[in-house]
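Data block below; observations after.
Protein chains: 2
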Amino acid sequence: MKRFELLANTMADEIRSGRRLVGSRMPSLRQLTTQHGVSQSTVFRAYYLLEEWGLIRARERSGYYVAPGAALKQPLASKPPPALASARVEISDLVFSVLEAAKHPNVVPFGSAFPSPKLFPLQRLARSLAHSTRLISPWSTVVDLPPGNEQLRREISLRYMAMGIAQPMEELVVTNGALEALNLCLMAVTRPGDVVAIESPGFYAALQAIERLDLRAVEIPVDSVSGLDLEALAHAFETQPIRACWFMTNFQNPTGATMSQEKKKALVELLARHDVPLIEDDVYGELHHGAANPLPARVFDQKGLVMHCSSFSKTLAPGYRIGWVAAGRFAGKVQRLKLMTTLSASIPAQAGIADYLQHGGYDKHLRKLRGALRNQLDTMDAALHRWMPADSHWTRPSGGYFVWVRLPHHVDAMQLHRLAIENGISIAPGPIFSAQHAFRDHIRLNFGHPWDERTEQAVKTLCSLIKLSSQ
Amino acid sequence: MKRFELLANTMADEIRSGRRLVGSRMPSLRQLTTQHGVSQSTVFRAYYLLEEWGLIRARERSGYYVAPGAALKQPLASKPPPALASARVEISDLVFSVLEAAKHPNVVPFGSAFPSPKLFPLQRLARSLAHSTRLISPWSTVVDLPPGNEQLRREISLRYMAMGIAQPMEELVVTNGALEALNLCLMAVTRPGDVVAIESPGFYAALQAIERLDLRAVEIPVDSVSGLDLEALAHAFETQPIRACWFMTNFQNPTGATMSQEKKKALVELLARHDVPLIEDDVYGELHHGAANPLPARVFDQKGLVMHCSSFSKTLAPGYRIGWVAAGRFAGKVQRLKLMTTLSASIPAQAGIADYLQHGGYDKHLRKLRGALRNQLDTMDAALHRWMPADSHWTRPSGGYFVWVRLPHHVDAMQLHRLAIENGISIAPGPIFSAQHAFRDHIRLNFGHPWDERTEQAVKTLCSLIKLSSQ
Chain A
1 MKRFELLANT
11 MADEIRSGRR
21 LVGSRMPSLR
31 QLTTQHGVSQ
41 STVFRAYYLL
51 EEWGLIRARE
61 RSGYYVAPGA
71 ALKQPLASKP
81 PPALASARVE
91 ISDLVFSVLE
101 AAKHPNVVPF
111 GSAFPSPKLF
121 PLQRLARSLA
131 HSTRLISPWS
141 TVVDLPPGNE
151 QLRREISLRY
161 MAMGIAQPME
171 ELVVTNGALE
181 ALNLCLMAVT
191 RPGDVVAIES
201 PGFYAALQAI
211 ERLDLRAVEI
221 PVDSVSGLDL
231 EALAHAFETQ
241 PIRACWFMTN
251 FQNPTGATMS
261 QEKKKALVEL
271 LARHDVPLIE
281 DDVYGELHHG
291 AANPLPARVF
301 DQKGLVMHCS
311 SFSKTLAPGY
321 RIGWVAAGRF
331 AGKVQRLKLM
341 TTLSASIPAQ
351 AGIADYLQHG
361 GYDKHLRKLR
371 GALRNQLDTM
381 DAALHRWMPA
391 DSHWTRPSGG
401 YFVWVRLPHH
411 VDAMQLHRLA
421 IENGISIAPG
431 PIFSAQHAFR
441 DHIRLNFGHP
451 WDERTEQAVK
461 TLCSLIKLSS
471 Q
Chain X
472 MKRFELLANT
482 MADEIRSGRR
492 LVGSRMPSLR
502 QLTTQHGVSQ
512 STVFRAYYLL
522 EEWGLIRARE
532 RSGYYVAPGA
542 ALKQPLASKP
552 PPALASARVE
562 ISDLVFSVLE
572 AAKHPNVVPF
582 GSAFPSPKLF
592 PLQRLARSLA
602 HSTRLISPWS
612 TVVDLPPGNE
622 QLRREISLRY
632 MAMGIAQPME
642 ELVVTNGALE
652 ALNLCLMAVT
662 RPGDVVAIES
672 PGFYAALQAI
682 ERLDLRAVEI
692 PVDSVSGLDL
702 EALAHAFETQ
712 PIRACWFMTN
722 FQNPTGATMS
732 QEKKKALVEL
742 LARHDVPLIE
752 DDVYGELHHG
762 AANPLPARVF
772 DQKGLVMHCS
782 SFSKTLAPGY
792 RIGWVAAGRF
802 AGKVQRLKLM
812 TTLSASIPAQ
822 AGIADYLQHG
832 GYDKHLRKLR
842 GALRNQLDTM
852 DAALHRWMPA
862 DSHWTRPSGG
872 YFVWVRLPHH
882 VDAMQLHRLA
892 IENGISIAPG
902 PIFSAQHAFR
912 DHIRLNFGHP
922 WDERTEQAVK
932 TLCSLIKLSS
942 Q
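Protein sequence lines, in the order shown, are assigned to chains A and X. Counting in this note's numbering, the first sequence runs from 1 upward without gaps. Counting in this note's numbering, the second sequence runs from 472 upward without gaps.
Okay, structure coming up:
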């Protein structure tokens, strides 16, 4: 834990215990720098954290005050956790404030989690939906309970076959988007208190699910090029009672990293040795910019341990909420959990996508979409080269629609997030991708939206804000 | 706990501990009646229980044997629970076997949970879906996250207004059917280990949710005419740390009971005094057979404690999976849980139903549907009068599509369920509506399907089976 985090935690304790009263003024920068022998920047960053936790509020030109209700707020991370220790996470407030900011229609959506729906064949898909709904049998509404629409599962199964994977239809469960698939899988293989290995940085939904289900997270480092640190995972297996893993093997969110085939194979072998299931989130696999899909780790699984989750939300039909999981030996359990919690995915949406997959030209659309994303990455990359300060760095992923940017020294992603929003630009600040709120020097930028002058201007503005903040 | 349950539990322990080996023959009826001094019927019922738990299997003409894998099965109900004590429940196996049985297309669906989709305007609804999907803005797929499609929430809000309830749109969260609404509400107001008051008999989904979330259930008796036993609830509040209630106030499942307005008011006052939230499941409210909806308990709520859950699944669009909750003071929390677990309900399905509510003639359809259900109840009632043995009893609900039948003495609902399935008829046996697997002398019959000769014959057959079993 860094100095500013220690300082923030100390003051948070004082506030939560009621030793600092609601409405009372917090000490000035000068007081704290003298009292604790720390730099002004350390105090600043501590106050940013406290503000973010909802414990204090700034009043213009008069400093910080303890916020109403602060004494009741739960601690975010109770104790300084050693590296690789399992930790309870509480990330939701931060994530929701960021997501909310990215929703406003006038904001440039660099912080968005979705590509532009303008890249999708929504009219063609609407025709498939209308056509299939007219033909739908009334009985399907009673019979198409989990595992889901049979035609849709057959089409999905064929797509696995095209990847060289013999995927039994019986193990496919159709869900409300990949998000539900991931959540059901996690529920299927854990009990409250269990330890789950996740990526750091990683998809915030994993953190939220772990928080919601009272699990404990072990964060495994992800390299922004080669992906998951397998040695760290092997070490974690030796030292922690890990019950499940939740990883993205292709175009990882947020880094864009893809594990090599050798590494995926080694990962599956490691899991098999320890008999630990993998929840494989592969929602970006189809969005490669090259010639062919990188294969998922699922390919190497002989024991039914890998639950391969994906969806049509990032590639075809964001609002239809149709995803699936090839759940291996856990299919029965996942199916039951689905029955108990949301019964089934929307039946017209399932039938509509099944019809589109048969007749709509999905592969042609995917080729076009991949080309568009590749071009947009080139443009984003060029714009960043033009305006980013020298001591920054960003990835150039071979798929998906995110770049992961390391900010120059001294620039704080949370502060930048607030400044950017004031300037009509959303970004995804690093801390939302970590249980420890780490990666304060990183942001994730979405290039999944067609480029225009406004986008160009937004990159320029963002880079100016970064330069200003680094001075 | 009754004698046969005690006997079953004793033998279950012997099997699970391995003292009785897999494949070994169980003692004969005669041996047990002599050994334990109990009646043959007690031994029979104990063996039915053990069979149901998957611990023993019958071989024709040679008695019962310990089933493969029996030693590994978890106990269903570990200790004899005193009346009103909170209990962990494990009901799912039973429920799923019953649901699965009701799905087969050739089976007469008296055990089904849905009315016939033939009673719904599926073609008109498909037109609304096609129309609205063509007009849908690409951005709605990103912006229509929870709380959900605005037009749909406005239409739902107007329907509350017609009931005299000023329901702020902001508190409405659109969900994947009422089932998700109920589950999210329960998650929003409980933590693992908490005690929840539910109905007995009651909707099995409540039992499943309680099991899944590691909660404990207190079962409050429901009278099949007047509904919930308020005195028992008041007593439970005094003796148990109840954190939430989950009740159906109108046309309760399975009894069909509706609480009077006075009783609903008293219930809400009781909840307010103890500051305990109510999850009000009101999916059948619109299906009254009389002149007007019975109002929900939500009407009397001044404190935002009542989360009123409903859906279009039982009245209009079973497969669309669109429900909602008016979640009062818990709306924000429910909305976040929705975002974290399934993100949003299917957007075309939301837009399609919104369009139908505006232009499709929902109220006219509902009037027709109510008339059909009332007629089908008359026919079912007449058929039961014709063929049921004298010492049975059934309800005549004023809404919904279930009758709750008390079987003659000695007839076991689980045994009847198996016999009925062999004869191509599904029923819902009483034990699936209880954490303790009680109500073995009750079954629920669905009259929500248009009557024909096959239905008539099925009632006759079922009644013959009942007569045979009671001899």
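Don't be surprised by glycine CBs; every beta carbon is placed ideally from N, CA and C.
Using a C-beta to C-beta distance shorter than 8 Å, which residues of chain X count as neighbours of K314/A? What K314/A touches in chain X: nothing, since even the nearest Cβ is about 11 Å away.
Taking the beta carbon of D452/A as the centre, do at least 16 other beta carbons fall within 10 Å, making it buried, or is it exposed? With fewer than 16 Cβ atoms within 10 Å of its Cβ, D452/A is classed as exposed.
Residues in the same chain with beta-carbon distance under 6 Å from P672/X, minus the five sequence neighbours each way, listed in chain order, please. P725, F904, S905 and F910
Return the first residue and the last residue of the beta strand (DSSP E) that P221/A is part of. R216 to D223
When the cut-off is 8 Å and only beta carbons count, does N480/X lie next to chain A? no
To the nearest angstrom, how far is it from the Cα of L520/X to the Cα of L526/X? Whole-angstrom Cα-Cα distance: 9 Å.
Check the Cβ-Cβ distances between P553/X and every residue of chain A, and say whether any is below 8 Å. Confidence in P553/X is poor, its pLDDT being 32 and thus under 50, which makes the residue's placement unreliable; the coordinate value appears in the next sentence. P553/X does not count as touching chain A.
Pop quiz: A209/A and L186/A are said to be a contact at Cβ under 8 Å. What is the actual Cβ separation, rounded to whole angstroms? 5 Å
Going by DSSP, what residues sit across from N917/X in a beta bridge? F873/X
Tell me the rounded alpha-carbon separation between L57/A and H830/X. Before going further, note that residue 57/A is Arg rather than Leu in the sequence given. Near 49 Å, if we compare the C-alpha coordinates of H830/X and R57/A.
If I measure Cβ to Cβ from V660/X and keep anything under 6 Å in the same chain, skipping five residues before and after, which residues do I get? A715 and P748
Report the option in E286/A, L233/A and S28/A whose CA atom is closest to the CA atom of H274/A. L233/A
Within 8 Å, strictly: CB atoms of R45/A and A816/X: no
Answer with yes or no whether the minimum CB distance from H359/A to chain X is below 8 Å. no
At which residues does the beta strand (DSSP E) containing D779/X begin and terminate? This sequence places His at residue 779/X; Asp is not what is there. Taken as a continuous stretch (DSSP letters only), the beta strand (DSSP E) holding H779/X covers V777 to S782.
Please classify P868/X as buried or exposed, where buried requires at least 16 neighbouring CB atoms within 10 angstroms. buried
What residues in the stretch 797-814 of chain X have a beta carbon less than 9 Å from any beta carbon of chain A? R807, L808, L810, M811, T812, T813 and L814
Among the candidates Y631/X, Y518/X and E523/X, whose CA atom is the shortest distance from the CA of V796/X? For V796/X, the nearest C-alpha among the options comes from Y631/X.
Within the 8 Å Cβ cut-off, does I818/X reach chain A? yes
Using a 10 Å radius around the Cβ and a threshold of 16 neighbouring Cβ atoms, would you call V403/A buried or exposed? Buried: at least 16 other Cβ atoms inside 10 Å.
DSSP three-state label for S112/A, please. coil
Could you check what DSSP says for W858/X in three-state terms: helix, strand or coil? helix
According to the neighbour-count rule (16 or more other Cβ atoms, all chains shown, within 10 Å of its Cβ), is H706/X buried or exposed? exposed
For L271/A, the nearest candidate out of D93/A, A197/A and R336/A (CA to CA): A197/A
Using DSSP bridges, identify the partner residues of R127/A. R127/A is not bridged to any residue.
Threshold first: 4 residues or longer. Then list the alpha helix (DSSP H) segments lying entirely within the stretch 659-690 of chain X, N to C. 675-683
Could you name the residues of the same chain whose beta carbon sits closer than 7 Å to that of R841/X, not counting the 5 residues immediately before and after it, in chain order? Scanning its chain for C-beta atoms nearer than 7 Å, with the 5 sequence neighbours on each side dropped, one finds around R841/X the residues L758, H759 and H760, in chain order.
Within this structure, are the beta carbons of L616/X and L810/X separated by less than 8 Å? yes
For D412/A, which three-state DSSP category applies? coil
Residues in the stretch 639-671 of chain X with C-beta within 7 Å of chain A's C-beta atoms, listed in sequence order? N647, G648, L650, E651, N654 and P663
The ligand ATP and S869/X: does the residue's C-beta get closer than 7 Å to at least one heavy atom of that ligand? Within the structure as shown, the ligand ATP is missing, as the structure has no ligands at all.
State the Cα-Cα distance for the pair P168/A and Y356/A, rounded to the nearest angstrom. Answer to the nearest angstrom: the Cα atoms are 22 Å apart.
Short of 6 Å in beta carbon distance, which residues of its chain neighbour L215/A, apart from the five on each side in sequence? Order them along the chain. T190, D194 and V196
Ordered along the chain, which non-local residues of its own chain (more than five positions away) have a Cβ less than 7 Å from that of V560/X? Residue confidence is low: V560/X scores 49 on pLDDT, short of 50, so the model does not pin down where it sits. Its coordinate-derived value is still stated next. Cβ neighbours of V560/X beyond the five flanking positions: L678, I681, E682, A688 and A906.
Verify whether the separation of the beta carbon atoms of T505/X and Q511/X is less than 8 Å. No.
Distance between H920/X and L125/A (C-alpha atoms, nearest Å): 34 Å
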